[in-house]
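S.K.: In our numbering, the protein residues as written are 23 to 390.
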């Protein structure tokens, strides 16, 4: 039977002091004798042999003269020893932080390929903690609390259910990582206003044609648009936020995956960028229940609604009795008929089950 070889990973750490002790044994020297030859105190030599005192450049040069080997050998030995000690201490810290995993959507992040899939058992948890710290770009769970959990005070939610800070922070971080890859020009409100007007004309196009175009138009105005698959417990369909004073982010999860929802969500987040301050993080979910009272959210809703179907045309919505009426109306105002159907359903002008054939379900590139 063939045995599977495993890498040798001892649970002990050898220090330069072990090599020094071997030299003393070979030469039958006492620690006091070595101290005398090196010009150090016996106490220091004892600490050096026991790995409690660091071995510096001066000591390495003296050991080279007294015991042999090179100063580089002694310094390399010391560096490897300190690194090994640090790894053991790190393993202990990581093991002590495993309860942090309970705050995070670990399985969802595994399913999205953010971290490797593994069983959530004790022996795997320390490594999971390390990988998630790397994912968030923080040194410890305490630093995660400062950087992400504390962001909760800036959240402006549309629903009370948006309370899983771990899931929300993970979804936000996914957007940050994508945004960090893109170095865009400084934000220009006038350019973004022109961009959203042009983007409205793209609603009639299929996703494979409009996706790159809207991202480019936003980028040129200093707004990064990223599409990140949803994390269920986050209950978020979109977010508008500022990564710094000169760079805005619109992040969409494609919750619902129909074009009427996608476009309403996009323009809703664009409204937050155009209308509201840079301090808040506006978390939004497609309206599927009672929303929290929020003036900025109402303003963003109204702006998106009126931008897609201007008030001077909205009066004619109640006159749309057939599919042909909807198609003609949509063509006349220059938007996709699925958006018109979504508005008719939202305003209770037609039943939610009517005319859904106009809506397009889609998945944008790279988003499941």
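Where is the CB? At the ideal position from N, CA and C, for every residue including glycine.
Pick from 271, 279, 114: whose alpha carbon is nearest that of residue 294?
M.R.: Residue 294 has its Cα closest to that of 271, out of 271, 279, 114.
S.K.: Under a three-way DSSP split, which group does residue 274 fall into?
M.R.: Note: residue 274 maps to strand in three-state DSSP.
S.K.: Quick one: what's got a C-beta closer than 8 Å to residue 374's C-beta in the same chain, skipping five residues either side?
M.R.: Once the five neighbours on either side are set aside, the close Cβ partners of residue 374 are 367.
S.K.: Does the segment 98 to 109 come close enough to the segment 140 to 148 to have 3 or more Cβ pairs within less than 8 Å?
M.R.: As far as the Cβ criterion goes, the segment 98 to 109 does not touch the segment 140 to 148, which means the pair count is below three.
S.K.: Could you say which of 365, 152, 284, 83 lies nearest to residue 117 if we only look at CA atoms?
M.R.: Residue 117 has its Cα closest to that of 152, out of 365, 152, 284, 83.
S.K.: Inspect the CB distances between the segment 76 to 94 and the segment 130 to 141 and report whether three or more fall short of 8 Å.
M.R.: Too few Cβ pairs lie closer than 8 Å, so no.
S.K.: With respect to the alpha helix (DSSP H) encompassing residue 226, which residues constitute its N-terminal and C-terminal limits?
M.R.: Where residue 226 is concerned, there is no enclosing alpha helix (DSSP H), given that its DSSP letter is neither H nor E.
S.K.: Enumerate in chain order the residues of its own chain whose CB-to-CB distance from residue 377 is below 7 Å, with the five nearest sequence positions on each side excluded.
M.R.: Contacts found: 345, 348, 363.
S.K.: Can you say whether residue 280 is buried or exposed, counting buried as having 16 or more other CB atoms within 10 angstroms of its CB?
M.R.: Residue 280 comes out buried.
S.K.: To the nearest angstrom, report how far apart residue 62 and residue 41 are at their CA atoms.
M.R.: About 18 Å.
S.K.: Could you check where the beta strand (DSSP E) with residue 306 kicks off and where it finishes?
M.R.: Segment 303 to 306, the beta strand (DSSP E) holding residue 306.
S.K.: Roughly how many whole angstroms lie between the Cα atoms of residue 67 and residue 83?
M.R.: The alpha-carbon atoms of residue 67 and residue 83 are separated by roughly 15 Å.
S.K.: Cα-Cα, which of 325, 204, 371, 355 is closest to residue 12?
M.R.: Residue 12 lies beyond the stretch modelled for the chain, which goes from 23 to 390, so this question has no answer here.
S.K.: What are the boundary residues of the alpha helix (DSSP H) that residue 285 is part of?
M.R.: 281 to 297 is the extent of the alpha helix (DSSP H) around residue 285.
S.K.: DSSP beta-bridge partners for residue 262?
M.R.: Residue 262 is bridged to 272, 304.
S.K.: Are at least three pairs of beta-carbons, each pair with one atom in the segment 232 to 241 and one in the segment 322 to 341, less than 8 Å apart?
M.R.: No: the two stretches stay apart, fewer than three of their Cβ pairs being nearer than 8 Å.
S.K.: Anyone know if the C-beta pair for residue 303 and residue 127 falls short of 8 Å?
M.R.: The answer is no: Cβ separation not under 8 Å.
S.K.: DSSP three-state call for residue 97: helix, strand or coil?
M.R.: Three-state DSSP puts residue 97 in a helix.
S.K.: Rounding to the nearest angstrom, what Cα-Cα distance links residue 336 and residue 317 in this structure?
M.R.: In a straight line, the C-alpha of residue 336 is about 22 Å away from that of residue 317.
S.K.: Can you have a look at residue 257 and say buried or exposed, based on whether 16 or more other CB atoms are within 10 angstroms of its CB?
M.R.: When all chains shown are included, residue 257 counts as buried.
S.K.: Using a Cβ-Cβ cutoff of less than 6 Å, which residues in the same chain neighbour residue 190 once the five nearest sequence positions on both sides are dropped?
M.R.: Answer for residue 190: 256, listed in chain order.
S.K.: To the nearest angstrom, how far is it from the Cα of residue 54 to the Cα of residue 202?
M.R.: Near 58 Å, if we compare the C-alpha coordinates of residue 202 and residue 54.
S.K.: Put residue 363 into one of helix, strand or coil per three-state DSSP.
M.R.: Helix.
S.K.: Taking the alpha carbon of residue 90 as the point to measure from, which residue in 65, 121, 48 has its own alpha carbon closest?
M.R.: Comparing Cα positions, the closest option is 48.
S.K.: With DSSP run on the structure shown, which of helix, strand or coil describes residue 54?
M.R.: Reduced to three states, the DSSP call for residue 54 is helix.
S.K.: Could you check the C-alpha separation between residue 235 and residue 262 for me, to the nearest Å?
M.R.: Between residue 235 and residue 262, the C-alpha separation is close to 19 Å.
S.K.: Spatial neighbours of residue 158 within its chain, please: C-beta separation below 7 Å, excluding the five flanking residues on both sides.
M.R.: Excluding sequence neighbours, residue 158 sits near 166, 170, 195.
S.K.: So what's residue 318 in DSSP terms, helix, strand or just coil?
M.R.: Helix.
S.K.: I need the straight-line Cα distance from residue 71 to residue 38, nearest angstrom please.
M.R.: Straight-line Cα distance between these residues: approximately 7 Å.
S.K.: Between the C-alpha atoms of residue 222 and residue 187, what's the straight-line distance to the nearest angstrom?
M.R.: Computed Cα separation, rounded: 33 Å.
S.K.: Return yes when the Cβ of residue 300 is within less than 8 Å of the Cβ of residue 264, no when it is not.
M.R.: Yes, Cβ-Cβ distance for residue 264 and residue 300 is below 8 Å.
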